[in-house]
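> Before anything else, here's the structure in question.
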Amino acid sequence: MKLTLKIWRQKSKNDKGRIETYQMDNVSEHMSFLEMLDVLNEQLVSKGETPIAFDHDCREGICGMCSLYINGEAHGPDRGITTCQLHMRKFKDGETIYIEPFRAKAFPIIKDLVVDRSAFDRIQHAGGFISVNTSGNTQDANNIPIPKNDADKAFDAATCIGCGACVATCKNASAMLFVSAKVSQFALLPQGKVEAKRRVLNMVEQMDKEGFGNCTNTGACEVECPKGISLENIARMNREFLKAKI
Ligand code: SF4
Ligand code: FES
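The end of the sequence shown is residue 249 by the numbering used here, with every number in the run present.
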């Protein structure tokens with residue numbers, strides 16, 4: 004395949020940034036999208052040019068590090084996958100592909116396609132955990148009966164990998180889908196009930212401090228989420244928040 008790539012280049016946080024054009028020949032349809040960028044970077048390095056910075060780690064859809072906005076969609080044109088799981092067979096010979104970073108005020112660009120998502124870490128530190136007594140008398144979690152439906156919903160919420168596609172997709176740059184998944188995975192389980200009030204209040208407060216927008220129920224986040232995190236979690240977080248406030 005022959006491709007024209009229009010890629011966002013930005014030297015640093017304070018650089019204005021611009022789209023630059025690259026031509027690629029002989030792209031195999033079997034390559035992953037990130038492998039295609041690896042090949043482009045090898046070509047740039049061999050010409051003495053600066054390679055394009057982009058985030059990745061596991062390349063298996065697990066870690067949430069990859070984060071490209073491809074042709075106007077977070078993680079590209081496929082559904083239910085991350086950028087690292089996207090393959091070139093999804094594109095046509097001769098196509099022009101726009102590649103941009105995840106854009107949101109709370110995700111400042113570090114370089115080229117790499118954004119700073121540490122706002123998510125700070126939200127997690129504010130309450131995305133349970134405090135467990137590890138004195139040796141701790142009850143085995145498997146001894147606590149949990150209704151199957153609750154266990155399934157908690158597990159579904161826990162599959163959020165913190166990639167930030169929901170924020171990048173949302174017209175308000177809202178982090179509600181991410182935060183609600185992290186609240187729900189505990190709210191549904193007895194282990195999470197002890198700190199439930201403190202958790203939801205602190206996490207929502209941190210979310211607001213980081214500069215994420217509010218949710219207006221558009222639902223784009225759910226569509227683009229690679230892990231199928233449901234909007235139902237946002238409704239649950241709103242209920243938890245109201246209960247904690249009252
Ligand atoms: S809710 Fe989905 S899109 Fe948002 S951070 Fe979690 S996995 Fe990524
Ligand atoms: S590199 Fe880990 S999810 Fe894509």
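In this text, a Cβ means the ideal position worked out from N, Cα and C, and glycines have one as well.
Predicted model only: the values in this text are computed from it and were never measured.
How far does the alpha helix (DSSP H) with residue 111 in it reach, from first residue to last?
Per DSSP, residue 111 belongs to no alpha helix (DSSP H) and is neither H nor E.
> Whose CA, out of 194, 41, 180, lies closest to the CA of residue 146?
The option with the nearest alpha carbon to residue 146 is 194.
> In whole angstroms, give me the CA-to-CA distance for residue 220 and residue 20.
Distance between the alpha carbons of residue 220 and residue 20: 32 Å.
> Identify which residue in 76, 83, 55 has its Cα closest to the Cα of residue 65.
Closest option to residue 65, Cα to Cα, is 83.
> Just to confirm the assignment: which complete beta strand (DSSP E) runs, minimum length 3, are found wholly within the segment 37 to 94?
If we require 3 residues or more, the beta strand (DSSP E) runs fully inside the segment 37 to 94 come out as 71 to 73.
> Based on the DSSP secondary-structure assignment, which residues constitute the bridge partners of residue 27?
Bridge partners of residue 27: 6.
> Tell me where the beta strand (DSSP E) around residue 102 begins and ends.
Per DSSP, residue 102 belongs to the beta strand (DSSP E) from 99 to 104.
> From 232, 117, 113, pick the residue whose C-alpha is nearest to that of residue 2; which is it?
Lying outside 4 to 249, the shown extent of the chain, residue 2 is not represented and no answer is given.
> Measuring CA to CA, which of 6, 24, 55 is closest to residue 30?
Measuring from the Cα of residue 30, the nearest candidate turns out to be 6.
> Is it buried or exposed, residue 202, if we count other Cβ atoms within 10 angstroms and call 16 or more buried?
Counting Cβ neighbours within 10 Å, residue 202 comes out buried, since at least 16 surround it.
> Is residue 181 near the ligand SF4, with its Cβ less than 7 Å from a heavy atom?
Under cutoff, so the answer is yes.
> With DSSP as the reference, label residue 233 as helix, strand or coil.
Three-state DSSP puts residue 233 in coil, outside helix and strand.
> Thinking just about the alpha-carbon of each residue, which of 185, 212, 138 is nearest to the one in residue 243?
Selected option, being the one with the closest Cα: 185.
> Whose CA, out of 38, 9, 135, lies closest to the CA of residue 25?
The option with the nearest alpha carbon to residue 25 is 9.
> Residue 22 bridges to which residues according to DSSP?
Note: residue 22 sits in a beta bridge opposite 11.
> Should residue 205 and residue 157 be called a contact, given that it needs their Cβ atoms to be closer than 8 Å?
Cβ distance not < 8 Å, so residue 205 and residue 157 don't count as in contact.
> Measuring CB to CB, does residue 181 end up less than 8 Å from residue 105?
Against a cut-off of 8 Å, the Cβ pair of residue 105 and residue 181 comes out as no contact.
> Per DSSP, residue 177 is paired with what?
Looking at the DSSP assignment, residue 177 forms a beta bridge with 216.
> Which same chain residues, not among the five before or five after residue 228, have their C-beta less than 7 Å away from its C-beta?
So the list reads 168, 169, 180, once near-sequence residues are dropped.
> When DSSP builds the beta bridges, which residues end up paired with residue 117?
For residue 117, which the question treats as bridged, DSSP gives the partners 114.
> Mapping DSSP to helix, strand and coil, what is residue 35?
Of the three classes helix, strand and coil, the one that applies to residue 35 here is strand, per DSSP.
> Residue 172 by DSSP, collapsed to three states: which one?
Helix, per DSSP.
> Measuring alpha carbon to alpha carbon, tell me which of 132, 223, 162 ends up nearest residue 199.
Among 132, 223, 162, the Cα nearest to that of residue 199 is on 132.
> Hey, would you say the C-beta of residue 63 is under 7 Å away from at least one heavy atom of the ligand FES?
Yes.
> Keeping to the same chain, check which residues put their C-beta closer than 8 Å to that of residue 12; ignore five residues upstream and five downstream.
Excluding residues within five positions, the ones whose Cβ falls inside 8 Å are 20, 21, 22, 23, 55, 115.
> Expressed to the nearest angstrom, what Euclidean distance is found between the alpha-carbon atoms of residue 36 and residue 92?
Approximately 9 Å, taken between the alpha carbons.
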